[in-house]
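K.L.:
Residue numbers (the numbering used here): 7 to 171.
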Ligand code: HEC
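1. With DSSP run on the structure shown, which of helix, strand or coil describes residue 159?
2. Should residue 70 and residue 122 be called a contact, given that it needs their Cβ atoms to be closer than 8 Å?
3. With a threshold of 16 other CB atoms inside 10 Å of the CB of residue 97, please say whether the residue is buried or exposed.
4. Checking contacts by CB at 8 Å: is residue 87 closer than that to chain C?
5. Using the three-state DSSP reduction, which class does residue 35 fall into: helix, strand or coil?
6. Can you tell me whether residue 107 is buried or exposed, with buried defined as 16 or more other CB within 10 angstroms of its CB?
7. Kindly confirm or deny that the stretch 112-120 and the stretch 131-151 touch, where touching means at least three C-beta pairs closer than 8 Å.
8. In the DSSP assignment, the beta strand (DSSP E) including residue 81 goes from what residue to what residue?
9. The ligand HEC and residue 99: does the residue's C-beta get closer than 7 Å to at least one heavy atom of that ligand?
10. With a floor of 4 residues, list each alpha helix (DSSP H) that falls wholly inside the stretch 98-165, ordered by position along the chain.
11. Quick one: is the Cβ of residue 159 within less than 7 Å of any heavy atom of the ligand HEC?
12. Using 7 Å as the cut-off, classify the Cβ of residue 109 as near or not near the heavy atoms of the ligand HEC, replying yes or no.
13. For residue 63 versus residue 54, is the C-beta spacing smaller than 8 Å?
14. Go through its chain and collect everything with a Cβ distance to residue 143's Cβ below 7 Å, but skip five positions before and after it.
15. Can you name, in chain order, every residue of its own chain whose Cβ lies under 6 Å from the Cβ of residue 163, other than the five neighbours on each side?
16. Confirm the yes/no value for this check: CB of residue 72, any heavy atom of the ligand SAM, distance under 7 Å.
17. Measuring CB to CB, does residue 155 end up less than 8 Å from residue 74?
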């Protein structure tokens, strides 16, 4: 069972890592591992995303993020997206989208329609190399609304946005 396997991996990880980290590092690590962020590569624990209040989008995937700045629920989407990112993407892509090296730094995604298209491609197909799942198909776990909300949040921390280009 996935959950049991996850717990076992976490325990093993914690014990090995304790030997290498200082006390503060170890404590931070334990906190991280105890949170829902702790899944290993390709081993996804779906986290429900509460999308209450967001305009519903239906089953068909849109080509562009509907919750951009001009959408009345943009702010709400950003809030929901920040939380949903933490529980569904941060384990691989890093806290605050700052990659620790396991997966690409999502602050580098292009803003706007072109970035949306790439984003949609990845979250609805996942990524696989030589038969190994690098990133699961996230749309199996998170609704379209939740995933576009994450994208809305990602644009607020994007390097393009924060460097004011
Ligand atoms: C199990 C680890 C894992 C999880 C969980 C995960 N990803 Fe990924 N993601 C990856 C890896 C690894 C790649 C790089 C794939 C490649 O090199 O082909 C990637 C690539 C991407 C890319 C393309 C980035 C680029 O620069 O081309 C996007 C966009 C993305 N992920 C979004 C997400 C979002 C949004 C979530 C959460 C809803 C998520 N990922 C969850 C591991 C993960």
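Each residue gets a CB set at the ideal place from its N, CA and C atoms; glycine is no exception.
P.N.:
So, from the listed chains and residues:
1. Three-state result, residue 159: helix.
2. With contacts defined by Cβ atoms closer than 8 Å, residue 70 and residue 122 form a contacting pair.
3. Residue 97 should be labelled buried.
4. The question asks about chain C, but that chain is absent: this structure has only one protein chain.
5. Note on residue 35: pLDDT 42, under 50, position unreliable in the model; no value is reported.
6. With fewer than 16 other Cβ atoms within 10 Å, it is exposed.
7. Verdict: no, contact absent.
8. Unbroken run through residue 81 is the alpha helix (DSSP H), 80-94; no beta strand (DSSP E).
9. In this structure, the ligand HEC has a non-hydrogen atom nearer than 7 Å to the beta-carbon of residue 99.
10. The stretch 98-165 contains these whole alpha helix (DSSP H) runs: 118-131, 150-163.
11. No.
12. Using a cutoff of 7 Å, the CB of residue 109 counts as near the ligand HEC, since one of the ligand's heavy atoms is closer than that.
13. No; because the gap between Cβ atoms is not below 8 Å, this pair is not in contact.
14. Once the five neighbours on either side are set aside, the close Cβ partners of residue 143 are 130, 131, 132.
15. Cβ neighbours of residue 163 beyond the five flanking positions: 103, 113.
16. Among the ligands modelled here, namely the ligand HEC, the ligand SAM does not occur.
17. Cβ atoms of residue 155 and residue 74: not closer than 8 Å.
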